[in-house]
Amino acid sequence: MFLKLIVLLVTFANVRCVSDEMKDLMDNLHKTCIANTGVDEARIADANQGRFEDDEKLKCYMRCVFDEVGLFEGDVFDVEGCIAMLPDEVRDTKLSDVVRKCGASSTGACQSMFDFNKCVYEGAPDLYFLP
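What the sequence shown shows, in mature numbering (1 follows the signal peptide of the UniProt record, and there is no 0), is residues -17 to -1, 1 to 114, in sequence order.
Next comes the structure, spelled out in structure tokens:
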């Protein structure tokens, strides 16, 4: 559960001060999902700037991030679980509503997680971050 909280903290909130332990956890998640998908680092950087390339590896990288933190039961995305893991300082912001709206029809498919990420960025660009 601690790893899930850390990952979602950096996935959904643009944290200014990140501990070394958190950086290590983010780095491990990033490396795992890069290795699993082969996505180009530039595609991840682009997504963080709101440029979501139609790239299958990027889509599956996004799926991997949420899968690694345990937000899937089979192919069902756990929207409320995602919100429950948000840090207190962002849970009561527009982000929770954006996650609910964007995650309502999300499935385990890579395309679905790509659409979810784009939707979250569009709804809360100041709080979006893809590790």
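In this text, a Cβ means the ideal position worked out from N, Cα and C, and glycines have one as well.
Helix, strand or coil for T90? Go by DSSP, reduced to three states. Collapsing the DSSP output to three states places T90 in a strand.
Quick one, which of A92, A67 and E72 has its alpha-carbon nearest R83's? For R83, the closest C-alpha among the options A92, A67 and E72 is that of A67.
Reduced DSSP category for F55 - H, G, I as helix; E, B as strand; rest coil: Here F55 sits in strand by DSSP.
L60 by DSSP, collapsed to three states: which one? In the sequence as displayed, the identity of residue 60 is Phe instead of Leu. Here F60 sits in strand by DSSP.
The alpha helix (DSSP H) that contains R74, what's its start and end? Counting along the chain, the alpha helix (DSSP H) containing R74 begins and ends at D71 to R74.
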